[in-house]
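Worksheet for the structure shown next.
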Amino acid sequence: DVIDLGVMVPSEKILEVARKENVDIIGLSGLITPSLDEMVHVAKEMKREKMNLPLLIGGATTSRIHTAVKIDPVYDGIVSYVLDASRSVPVVSELINKNTIEGFKTRVKKEYADLRADHEKRQEAKNYIPLSEARKNKVNINWNDTEVTKPSFIGVKQLVNYPLTEIRKYIDWTPFFQTWMLAGRYPGILEDKVVGVEAKKLYDDAQRMLDGIIQNNSLSANGVVAFYPAASTEDDSVVLYTDESRKERLNQFHFLRQQNMKAKNLPNFCLSDFVAPSDSGKKDYIGMFGVTGGIGLEALIEKYKADHDDYSEIMAKALADRLAEAFAELLHEKVRKELWGYAPQESLNEEDLIKEKYQGIRPAPGYPACPEHTEKGTLFQLLEADKIGMKLTESYAMYPAAAVSGFYFSHPESKYFGLGKINKDQVTDYAKRKGMTLEEAERWLSPNLAY
Numbered sequence: 271d272v273i274d275l276g277v278m279v280p281s282e283k284i285l286e287v288a289r290k291e292n293v294d295i296i297g298l299s300g301l302i303t304p305s306l307d308e309m310v311h312v313a314k315e316m317k318r319e320k321m322n323l324p325l326l327i328g329g330a331t332t333s334r335i336h337t338a339v340k341i342d343p344v345y346d347g348i349v350s351y352v353l354d355a356s357r358s359v360p361v362v363s364e365l366i367n368k369n370t371i372e373g374f375k376t377r378v379k380k381e382y383a384d385l386r387a388d389h390e391k392r393q394e395a396k397n398y399i400p401l402s403e404a405r406k407n408k409v410n411i412n413w414n415d416t417e418v419t420k421p422s423f424i425g426v427k428q429l430v431n432y433p434l435t436e437i438r439k440y441i442d443w444t445p446f447f448q449t450w451m452l453a454g455r456y457p458g459i460l461e462d463k464v465v466g467v468e469a470k471k472l473y474d475d476a477q478r479m480l481d482g483i484i485q486n487n488s489l490s491a492n493g494v495v496a497f498y499p500a501a502s503t504e505d506d507s508v509v510l511y512t513d514e515s516r517k518e519r520l521n522q523f524h525f526l527r528q529q530n531m532k533a534k535n536l537p538n539f540c541l542s543d544f545v546a547p548s549d550s551g552k553k554d555y556i557g558m559f560g561v562t563g564g565i566g567l568e569a570l571i572e573k574y575k576a577d578h579d580d581y582s583e584i585m586a587k588a589l590a591d592r593l594a595e596a597f598a599e600l601l602h603e604k605v606r607k608e609l610w611g612y613a614p615q616e617s618l619n620e621e622d623l624i625k626e627k628y629q630g631i632r633p634a635p636g637y638p639a640c641p642e643h644t645e646k647g648t649l650f651q652l653l654e655a656d657k658i659g660m661k662l663t664e665s666y667a668m669y670p671a672a673a674v675s676g677f678y679f680s681h682p683e684s685k686y687f688g689l690g691k692i693n694k695d696q697v698t699d700y701a702k703r704k705g706m707t708l709e710e711a712e713r714w715l716s717p718n719l720a721y
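Under this note's numbering, think of the first position of the sequence shown as 271, with each following residue one higher.
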């Protein structure tokens with residue numbers, strides 16, 4: 271039996287239920303960065319209370335290296351990272367077998383000790399430069415030769431109950447199959463010799479459910495997009511202005527810069543580099559968006575739960591996620607061609623859209639280029655996202671879960687990148703810019719700390 275305690279459950283409740291129900295194993299799943307710290311806290315509490323239960327770690331933000339470096343050292347019992355739900359079965363089998371559990375513990379403890387040693391060596395070998403030097407090595411954009419396009423409107427525009435028949439055309443089906451642990455790219459996966467039959471069945475079931483969702487209005491998709499005059503600052507922020515006069519500041523976004531030492535002629539990227547500074551002579555803009563395909567999903571899930579229909583429940587969640595991602599793709603195309611209109615002649619097929627062969631980017635807070643989640647607070651405030659049914663939890667996870675939000679950058683040289691590790695000088699600077707304590711900033715940026 272599995273006891274599901276839900277999301278955002280405090281450690282006290284987890285340990286209390288574990289004792290009361292006399293469980294064999296505790297499993298923790300983390301979706302966003304703050305979950306990582308909470309997992310460490312749970313492990314520490316288990317040690318403090320002299321518990322000796324195996325602890326399984328999984329979820330989108332977790333990894334073997336994080337488990338080895340951050341969680342395993344604080345708990346004397348077994349800690350094991352599990353890539354996905356399907357891999358947990360053989361692990362659990364070993365953990366509940368008295369003949370195999372000790373061998374499993376010895377093997378995993380050694381594996382994680384080796385990973386920590388290797389991690390420490392690699393960290394020592396990496397060279398980081400001071401923030402001041404990284405800022406001097408920013409992306410060198412010739413703003414004199416840059417043509418800036420003014421968006422078709424300034425402010426916020428809502429797209430309520432957007433037609434799912436249109437959104438459907440933009441679905442990338444490859445991640446859908448990954449949800450079901452089927453490896454392969456769509457549409458080739460449908461003909462795959464190993465998983466093709468199962469993939470085709472799943473795909474056909476998905477089409478039938480999607481037809482029903484559209485016919486019965488079971489789910490609806492809402493979106494919001496905004497554009498504001500903007501200028502980058504020397505300290506890696508982007509200031510937004512209320513109107514074209516650019517006299518009154520509306521708000522600002524705080525971005526982070528790569529600090530690893532680069533080869534000659536390679537910049538230390540920061541998203542603010544792609545917005546013109548105020549002294550460039552160019553009047554630039556920044557865009558924002560939020561979309562969800564999950565309005566109505568809870569009622570749909572409750573219906574399937576009442577029918578004990580796990581398959582349809584998972585399918586509905588997977589389709590809501592696909593609709594949200596497809597809506598983000600559709601809206602970005604609409605932004606490029608019409609709403610911002612900096613690429614009106616763009617003509618891309620489905621494959622080119624998936625490969626992002628277009629001008630501009632739409633990075634999202636919590637992802638590699640801007641991994642710190644609290645910027646979503648400013649983003650949602652400016653978008654007035656609550657008006658379309660989107661909100662943030664205390665840990666800055668989006669609700670509904672089938673949602674996407676982020677920024678729009680239009681410059682032809684704008685590109686995605688990973689921030690990587692950063693040093694304490696930048697974390698201190700970021701905390702000051704954000705009005706946070708250093709400890710708060712370190713908590714939100716824990717996966718990116720080089721110290």
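Note that CB positions come from ideal geometry on N, CA and C, so glycine has one too. Computed from a predicted model, the values in this text were never measured in an experiment.
request  = Please classify Ser684: is it buried, with 16 or more other beta-carbons within 10 angstroms of its beta-carbon, or exposed?
outcome  = So Ser684 counts as buried.
query = Does the region 485–496 come close enough to the region 565–584 to have 3 or more Cβ pairs within less than 8 angstroms?
reply = Short answer: they touch.
inquiry  = On the CB-based measure, 16 or more other CB atoms within 10 Å of its CB, does Pro457 come out buried or exposed?
reply    = The residue in question, Pro457, is exposed, as its Cβ has fewer than 16 Cβ neighbours within 10 Å.
request  = Could you check the C-alpha separation between Arg606 and Gln629 for me, to the nearest Å?
outcome  = Distance between the alpha carbons of Arg606 and Gln629: 8 angstroms.
ask   = Are the CB atoms of Ser350 and Leu326 nearer to each other than 9 angstroms?
value = Yes, Cβ-Cβ distance for Ser350 and Leu326 is below 9 angstroms.
ask   = Leu600: which of Met309, Pro433, Pro717 sits nearest, CA to CA?
value = Distance check between Leu600 and each of Met309, Pro433, Pro717 places Pro433 closest, using alpha-carbon atoms only.
query = Hey, Ile658 and Gly493: beta-carbon distance below 9 angstroms or not?
reply = Going by C-beta atoms, Ile658 is nearer than 9 angstroms to Gly493.
ask   = Nearest CA to the CA of Val310: which residue from Gln448, Ile341, Glu595, Ser665?
value = For the residues Gln448, Ile341, Glu595, Ser665, the minimum Cα distance to Val310 belongs to Ile341.
inquiry  = Closest to Ile565 by C-alpha separation, out of Ala453, Tyr511, Val430, would be which residue?
reply    = Out of Ala453, Tyr511, Val430, Val430 has the C-alpha closest to the C-alpha of Ile565.
message = Counting C-beta neighbours from all protein chains within 10 Å, is the total for Val467 16 or more, i.e. buried, or is it exposed?
response = Looking at its Cβ environment, which holds fewer than 16 other Cβ atoms inside 10 Å, Val467 is exposed.
task = Use the C-beta contact count for Phe423: other C-beta atoms within 10 angstroms, 16 or more gives buried, fewer gives exposed.
result = With a threshold of 16 other beta carbon atoms within 10 Å, Phe423 falls short and is exposed.
request  = Would you tell me roughly how many angstroms separate the C-alpha atoms of Phe539 and Asp580, rounded to the nearest one?
outcome  = Straight-line Cα distance between these residues: approximately 44 angstroms.
query = Which stretch, first to last residue, makes up the beta strand (DSSP E) that contains Phe423?
reply = First-last for Phe423: undefined, no H or E at that position.
query = Assuming Leu323 contacts Gly347 under a Cβ cut-off of 8 angstroms, what Cβ separation, rounded to an integer in Å, is found between them?
reply = With a beta-carbon spacing of about 6 angstroms, Leu323 and Gly347 fall inside the 8 angstroms limit used to define contacts.
ask   = Nearest to Ala672 by alpha carbon, out of Ser548, Asp415, Val561?
value = That would be Val561, whose Cα lies nearest to the Cα of Ala672.
ask   = If we ignore side chains and look at the alpha-carbon of each, how far apart do Ser675 and Ala634 end up?
value = Distance between the alpha carbons of Ser675 and Ala634: 6 angstroms.
request  = Please determine, among Tyr686, Ile366, Lys646, Pro641, the residue with the shortest C-alpha to C-alpha distance to Arg632.
outcome  = Arg632 has its Cα closest to that of Tyr686, out of Tyr686, Ile366, Lys646, Pro641.
inquiry  = Helix, strand or coil, according to DSSP, for Leu708 in the structure here?
reply    = Looking at Leu708 - three-state DSSP - the assignment turns out to be helix.
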